[in-house]
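Numbered per the numbering used here, the sequence shown spans residues 38 to 119.
Idealized CB from N, CA, C, for every residue including glycine.
These figures come from a predicted structure and were not determined experimentally.
Everything below concerns the one structure shown next.
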Amino acid sequence: MTKEEFNSKLKELNLSIKDFSQIADIPYSTINNWGFTKDEKTIPVPKWVNPFLEHYEKSKKYDYLMGEVFKVAKSLEKSKKI
Numbered sequence: 038m039t040k041e042e043f044n045s046k047l048k049e050l051n052l053s054i055k056d057f058s059q060i061a062d063i064p065y066s067t068i069n070n071w072g073f074t075k076d077e078k079t080i081p082v083p084k085w086v087n088p089f090l091e092h093y094e095k096s097k098k099y100d101y102l103m104g105e106v107f108k109v110a111k112s113l114e115k116s117k118k119i
């Protein structure tokens, strides 16, 4: 994953670098260094970041779906009590 792909994925997930930094418990400055070249060597985005973001996305979708399921379940309970 390139730094551009990383930034694009964060934008897609509506996350800032600061948010990602807090969620992943990584210093903000470390994340900002990804993609930069130092001594003719580019600091890569770590390989674990892509799967981490994929699982984060799935988790957010799961949370949303579970919230919707509970709303429906509550409304069904209320309608049975009436």
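Which two residues bound the contiguous alpha helix (DSSP H) that contains Ser53? The residue given as residue 53 occupies position 16 in the sequence shown. Ser53: not part of any alpha helix (DSSP H); DSSP gives it neither H nor E.
Nearest residue (CA-CA) to Ala61, options Thr39, Val86 and Ser45: For this step, residue 61 is matched to residue 24 along the sequence shown. Closest in C-alpha terms to Ala61, from the list Thr39, Val86 and Ser45, comes Val86.
Meets three-Cβ-pair contact criterion under 8 angstroms: the region 65-85 and the region 93-100: No, the region 65-85 does not touch the region 93-100.
Which stretch, first to last residue, makes up the alpha helix (DSSP H) that contains Asp100? Here residue 100 is taken as the residue at index 63 of the sequence shown, counted from 1. In this chain, the alpha helix (DSSP H) harbouring Asp100 covers Val86 to Lys118.
Bridge partner(s) assigned by DSSP for Thr74: The residue labelled residue 74 in the question sits at position 37 within the sequence shown. Thr79.
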